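If you count by the numbering used here, then the sequence shown holds residues 248 to 826, one letter each, in order.
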Amino acid sequence: MRRRASAVFLLAWLVAGVVKAAEAASGMAQPLAYDYSSSSECLPEPMDAHYGGGIIRNGDFSAGLQGWSAFGYGSLAVGSSPAGNRYAVATNRTRPYQSVSQKVLLQNGTHYTLSAWLQVSDGIADVRAVVKTAGGDFIHSGGVEARSGCWSILKGGLTAAAAEQAELYFESNATVDIWVDNVSLQPFSREEWSAHHEAAIKKARKKTVRLQARDAAGNPVAGARMHIEHVRNGFPLGSAMSKEILTNPGYQRWFTSRFTVTTFENEMKWYSTEAIPGREDYSVPDAMLRFAKSHGIAVRGHNIFWDDPSTQMGWVKALSGEQLRRATEKRIKSVMSRYSGQVIAWDVVNENLHFDFFEGRFGWEASAAFYRKAHQMDGGALMSMNEFNTLEQPGDLTVLPGKYLRKLWQIKAFPGNGNAARMGIGLEGHFSAQPNIPYIRAALDTMAQANAPIWLTEIDVAPGPDQARHLEQILREVYAHPAVHGIILWTAWHPQGCYVMCLTDNNFKNLPAGDVVDKLIWEWKTRSHVGVADADGYYETELFHGDYKVTVTHPAANSTVAQSLSVDRESDNEFTIHV
């Protein structure tokens, strides 16, 4: 029976490949639009499966368990809600991997987006989606904190490294029953995936504008020549900065010619400004801030506190509870009163999902209280969480997108915060040598449910022969996602080497990763060009968000006028220039 089933799967796979190739050859194939929808709520009934289930058979279990098997010698049953919705139940579980599973055939190099609705029989439990390949790999493809009594969506994905049979299943360390419904696994070719980028960039990063030339009397000027020059990119793209920039002209020229936003790598952190208790020294971050401002480079404040115990100074660890409370009050007042109104965001408590130093000393509400004080001191800046592995590692259950959002909402719900607190989402982005691109997109879809600005705050990629290629994949993915508001690379230069990834050598000649960044900066910029106004004085063009200089020349009178304009999500799409 197993051989026959495998043969059927293989035949279906080959037929699908032939059909796809024929469509491509005939020009009939249209890229399937990507579904950015997700949910951060636990719902009474699951929503419909994405893409009708994709290549998953009977993903809604309307035909019972047809097409599904018990993984790990577990027991399966079919459940039904009062509304008549049917779902699979993995019951009598004694091992993490015992669940419902389905075999699929993967196409080499194809991206797959995965979604499923999950519930557990009792309490709360982490549930992870795993794809076991014929080659023996176990690919973590997403996770969710599932609850009893309601349905939560797991949204994730993977990229197939080979054409092979694989098996999708779910696992949990808790021995509760796992309920599964509306499963989807949708393949996308690399070309389709790139088409999604193009469509998203057109919608989220560009705007079609109409420029009208009028004379002094207000009459349209037909035939006016309009030279459009892109002066500054609107999308914030930057790099971390080290104190070496203060004394190195080569570093200064290299940095300021590329980036519009920065984070100081270590210089604003508590252990840098008060290494000895009571002896504060802000001279270095003061100078770095002056430098950044003089070149129009925005700064993120990083960080006020860091929840990692290993980053605490010895004198801080030695403080009693009341002494620590006074020290933290002094710290937040000191750094924020100094830089309030001069930074665009604050990483208030760094990595407070992975770590809990201050919660361990003050109680669970420690972070929330810090955010309340920070908002009171600098209401114009975003107050950001900042965590690693939410995008990078689907297997890190500590920082699943749903758990990140739950922490965010706990902070917002704390008395004195509420909707007035301008919260931001910081996702560090320290990627391994093989990033999971579909999972990055899926995780961002879920994070976007918070309706808070998302920033990639510390992007780097582990060293390896494909470091630059993977960096480009990551940057293209996050730039195209409509919920992302800015990107910072964790590539502060030091003569002895960077944290993980350098963009330039010590002579400020680009390394391969730096070439990738320059290529994308150029690609995400409108080329200087000249347009000619129509009979009504209009010239219409599509522009990347940013600042522009438009020089208009009258076709008859010997007059030229230059005007600056800014294009962004909220700006008008029509501008009048008098010439």
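Cβ coordinates follow ideal geometry from the N, Cα and C atoms, glycine included.
Since the structure is predicted, the reported quantities are computational estimates derived from the model, not experimental observations.
### Message
Taking contact to mean 3 or more Cβ pairs, one atom from each stretch, closer than 8 Å, check whether the region 501-513 and the region 474-489 are in contact.
### Response
yes
### Task
Select from His444, Arg526, Ser284, Val374 the residue whose C-alpha is nearest the C-alpha of Gln720.
Here the question's residue 720 lines up with position 473 in the sequence shown. Here the closest residue by C-alpha is His444.
### Task
Determine, using beta-carbon pairs with one atom in the region 304-322 and one in the region 382-402, whether at least three such pairs fall under 8 Å.
no
### Task
State yes or no: is the C-beta of Thr693 within less than 8 Å of the C-beta of Ser285?
In the sequence shown, the residue the question calls residue 693 occupies position 446. In the sequence shown, the residue the question calls residue 285 occupies position 38. Result yes, Cβ atoms of Thr693 and Ser285 sit closer than 8 Å.
### Task
Let me know if Tyr416 comes out buried or exposed under the rule of 16 or more other beta-carbons within 10 Å of its beta-carbon.
Working through the sequence shown from its first residue, we reach residue 416 at position 169. Label assigned to Tyr416: buried.
### Task
Below 8 Å on the Cβ atoms is my guess for Ser327 versus Ala372; work out the distance and round it to an integer in Å.
Here residue 327 refers to the residue found at position 80 when the sequence shown is read from its first residue. Here residue 372 refers to the residue found at position 125 when the sequence shown is read from its first residue. Incorrect: roughly 22 Å between the Cβ atoms, too far for contact.
### Query
Under the three-state reduction of DSSP, which class applies to His297: helix, strand or coil?
Here residue 297 is taken as the residue at index 50 of the sequence shown, counted from 1. DSSP places His297 in helix when its eight states are reduced to three.
### Query
Going by the CB atoms, is the gap between Val430 and Ala296 shorter than 8 Å?
If you number the sequence shown from 1, residue 296 lands on position 49. If you number the sequence shown from 1, residue 430 lands on position 183. Yes, Cβ-Cβ distance for Ala296 and Val430 is below 8 Å.
### Message
DSSP three-state label for Thr422, please.
### Response
The residue you call residue 422 lines up with position 175 of the sequence shown. Thr422 falls in the coil class under three-state DSSP.
### Message
In the DSSP output, what is Val563 paired with across the bridge?
### Response
For the purposes of this step, residue 563 is taken as the residue at position 316 of the sequence shown. Answer by DSSP bridge pairing: none, since Val563 is not bridged.
#### Entry: Pick from Asn355, Gly649, Asn466, Trp656 that is closest to Ser631, judged by C-alpha positions
For the purposes of this step, residue 631 is taken as the residue at position 384 of the sequence shown. Among Asn355, Gly649, Asn466, Trp656, the Cα nearest to that of Ser631 belongs to Trp656.
### Asp643, DSSP secondary structure in three states
Counting from 1 along the sequence shown, the entry for residue 643 is found at position 396. Three-state result, Asp643: coil.
### Message
For Asn664 and Ala393, what's the separation of their Cα atoms in angstroms?
### Response
Here residue 664 corresponds to residue number 417 of the sequence shown, with the count starting at 1. Here residue 393 corresponds to residue number 146 of the sequence shown, with the count starting at 1. Spanning the two alpha carbons is a distance of roughly 27 Å.
### Query
Buried or exposed: which applies to His358, given that a residue is buried once 16 or more other Cβ atoms fall within 10 Å of its Cβ?
Position 111 of the sequence shown, counting from 1, holds the residue named residue 358. Buried, by the Cβ-count rule.
### Query
So what does DSSP say about Ser541, is it helix, strand or coil?
For the purposes of this step, residue 541 is taken as the residue at position 294 of the sequence shown. Correct three-state label for Ser541: helix.
### Query
Would Gly301 pass as a contact of Pro434 if the rule is Cβ separation under 8 Å?
Taking the first residue of the sequence shown as 1, we reach residue 301 at position 54. Taking the first residue of the sequence shown as 1, we reach residue 434 at position 187. It is a contact, given that the beta carbons lie within the stated cut-off.
### Query
For Trp611, does the count of other Cβ atoms within 10 angstroms reach 16, so buried, or fall short, so exposed?
Along the sequence shown, one-based indexing puts residue 611 at 364. Result: exposed.
### Query
Does the region 546-565 come close enough to the region 583-594 to have 3 or more Cβ pairs within less than 8 Å?
Yes, since at least three Cβ pairs between the region 546-565 and the region 583-594 fall closer than 8 Å, the two stretches touch.
### Query
What is the rounded straight-line gap between the Cα of Met583 and the Cα of Trp737?
Within the sequence shown, residue 583 is the residue found at index 336, counting from 1. Within the sequence shown, residue 737 is the residue found at index 490, counting from 1. Taking the straight line from one Cα to the other gives about 23 Å.
### Query
Looking at the structure shown, is Thr738 part of a helix, part of a strand, or coil, going by DSSP?
Counting from one through the sequence shown, the residue named residue 738 turns up at place 491. Thr738: coil per DSSP, three-state reduction.
### Query
By the 10 Å Cβ neighbour count, where 16 or more other Cβ atoms means buried, how is Ala254 classified, buried or exposed?
Position 7 of the sequence shown, counting from 1, holds the residue named residue 254. Bear in mind that the predicted position of Ala254 carries a pLDDT of just 37, short of 50, making it too unreliable to give a figure here.
#### Entry: Segment limits, alpha helix (DSSP H) that includes Ala616
As a working mapping, residue 616 is identified with position 369 in the sequence shown. That run of the alpha helix (DSSP H) goes 613-624.
### Task
For the beta strand (DSSP E) holding Arg394, just list the boundary residues, first then last.
The sequence position of residue 394 within the sequence shown is 147, counting from 1. Unbroken beta strand (DSSP E) run through Arg394: 385-394.
### Task
Would you check if the region 453-471 and the region 802-809 touch, i.e. whether three or more CB-CB distances between them fall below 8 Å?
Contact holds: three or more Cβ-Cβ distances are below 8 Å.
### Message
Need the endpoints of the beta strand (DSSP E) that Phe604 sits in, please.
### Response
Start at 1 with the first residue of the sequence shown, and residue 604 comes out as number 357. That residue, Phe604, is in no beta strand (DSSP E); its alpha helix (DSSP H) goes 604-609.
### Task
Examine chain D for any beta-carbon lying closer than 8 Å to the beta-carbon of Lys564, and answer yes or no.
No chain D appears in this structure, which consists of one protein chain only.
### Secondary structure of Ser489, DSSP reduced to three states
For the purposes of this step, residue 489 is taken as residue 242 along the sequence shown, with counting starting at 1. Residue state, collapsed to three classes: coil.
### Task
Count the C-beta pairs between the region 451-470 and the region 740-753 that are closer than 8 Å, then say yes if the count reaches three, no if not.
no
### Task
Would you please state the rounded distance, in angstroms, between the beta carbons of Gln354 and Ala410? I believe it to be under 8 Å.
In the sequence shown, counting from the first residue as 1, residue 354 sits at position 107. In the sequence shown, counting from the first residue as 1, residue 410 sits at position 163. With 8 Å as the limit, Gln354 and Ala410 qualify as a contact, their Cβ atoms being about 6 Å apart.
### Task
Kindly list the residues whose CB is nearer than 8 Å to the CB of Ala280, restricted to its own chain and excluding five residues on each side of it in sequence; keep chain order.
Locating residue 280 in the sequence shown gives position 33, where the first residue counts as 1. So the qualifying residues of the chain are His443, Ala446.
### Query
In terms of residues, what are the limits of the alpha helix (DSSP H) holding Asp765?
Locating residue 765 in the sequence shown gives position 518, counting from the first residue. Counting along the chain, the alpha helix (DSSP H) containing Asp765 begins and ends at 759-770.
### Query
To which residues of the same chain is Ala539 closer than 8 Å at the C-beta, ignoring the five residues directly before and after it?
For the purposes of this step, residue 539 is taken as the residue at position 292 of the sequence shown. These residues qualify, in order along the chain: Met488, Thr509, Ala545, Val546.
### Message
Given a cut-off of 8 Å on the beta-carbon distance, is the pair Pro700 and His728 in contact?
### Response
For this step, residue 700 is matched to residue 453 along the sequence shown. For this step, residue 728 is matched to residue 481 along the sequence shown. Contact: no.
### Task
Could you name the residues of the same chain whose beta carbon sits closer than 8 Å to that of Val742, not counting the 5 residues immediately before and after it, in chain order?
In the sequence shown, the residue the question calls residue 742 occupies position 495. Rather than Val, the amino acid found at residue 742 in this sequence is Pro. Spatial neighbours of Pro742 in its own chain (CB-CB distance under 8 Å, excluding positions within 5 residues in sequence) are listed in chain order as Glu491, Asn753.
### Task
Determine the direct distance from the alpha carbon of Phe604 to that of Val262, and round the result to whole angstroms.
Counting from 1 along the sequence shown, the entry for residue 262 is found at position 15. Counting from 1 along the sequence shown, the entry for residue 604 is found at position 357. Here Val262 scores only 37 on pLDDT, less than 50, and its place in the model should not be relied on; the value that follows carries that caveat. Going from the Cα of Val262 to the Cα of Phe604 covers about 57 Å.
### Task
Count the other CB atoms, across all protein chains shown, that sit within 10 Å of the CB of Thr360; report buried if there are 16 or more and exposed otherwise.
Counting from 1 along the sequence shown, the entry for residue 360 is found at position 113. Thr360 should be labelled buried.
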